[in-house]
Amino acid sequence: MTKRTGRRRILYLAASLLFTVVTLLIVIGGGGWWVLSHPQTPVPPHWNPLGDLTVTAPVTPVTAYQLRRALGDEAQCRAALSAAGVVFEPMDELVVDQNCGIAGRGLLSGLTTARIEAIETSCTTTLRLALWEHHVVQPAAREILGTDVRALRHVGSYNCRRMRTAQGQDSGWSSHATADAIDIIGLQLGDGRSLTLLTDWDTPGPEAVFLHRIGRGACDWFRVVLGPDYNRLHADHFHLQGPGWGFCR
Ligand SMILES: [Zn+2]
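Convert by adding 76 to the 1-based position in the sequence shown; the result is the number in the working numbering.
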């Protein structure tokens, strides 16, 4: 064997190796896509990045990705809510001006199990609220208080106004101006107890432990969560806001 044919042989081997690797990648990648997108895929929906969000399914590393897609697609958002038994009657989009209005508007009156006094809000706020109720509020109530939550009490979602700060009125528009937030003041429990942030947040006991737990847990599902520990404007409610810069106080 000459030096020249030896080099040619090495080149040939390298090329065939490259070809095999590329073919394998295409087969595995394409096969993976085919397995995930097949209607009878063995991958459970809540583990499947191509699957739609199910509000009541166990939370997996894929859930945040599915949630992002549902938040960006009104039809998918409404379908996820109705599959979870959330009562959110469709309403026409509200357009007031460039600062105020509600996209994906509806009338919310029931979450996955808890009721809520009928309120006009957006699909995205409702979706985050339902996820919080199912994955944080109800499990915490059962674990800490030995009962479930029968109703959430709110003081509004949509409000065409500017932001309020401890120093007075701010120049920016509030997330309430687009119903991207909801204010929760308390809860009614299955055993008849009624909790409010104003009276139970700072009173030592299981009720306070529960309220602190669900306040922290809201940060899993909302980007901005402000409560009694933030400032006096929030002494009596959780401000739960969908879009934002990731701020939990
Ligand atoms: Zn608020």
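The C-beta atom is built at its ideal place from N, Cα and C for all residues, glycine as well.
Item                                                                                                                                                                 : Value
Where does Thr197 sit, in a helix, a strand or coil, going by DSSP?                                                                                                  : strand
Just jot down, in chain order, the residues whose CB lies closer than 6 Å to any heavy atom of ligand 1.                                                             : His252, Ala257, Asp259 and His315
So, is Ser270 buried or exposed, given that buried needs 16 or more other C-beta atoms within 10 angstroms?                                                          : exposed
Between Phe164 and Leu147, is the Cβ-Cβ spacing less than 9 Å?                                                                                                       : no
Do you know offhand how far Gly320's Cα is from Leu89's?                                                                                                             : 54 Å
Would you tell me roughly how many angstroms separate the C-alpha atoms of Pro118 and Arg145, rounded to the nearest one?                                            : 22 Å
In terms of residue numbering, what span does the alpha helix (DSSP H) encompassing Arg292 cover?                                                                    : Pro282 to Gly293
Helix, strand or coil: which one does DSSP assign to Pro304?                                                                                                         : coil
Report the residue ranges of all beta strand (DSSP E) runs contained in full by the region 176–248; include only those spanning at least 3 residues, in chain order. : 181–186, 191–198, 225–230 and 238–241
In the structure shown, what three-state DSSP assignment does His313 receive?                                                                                        : coil
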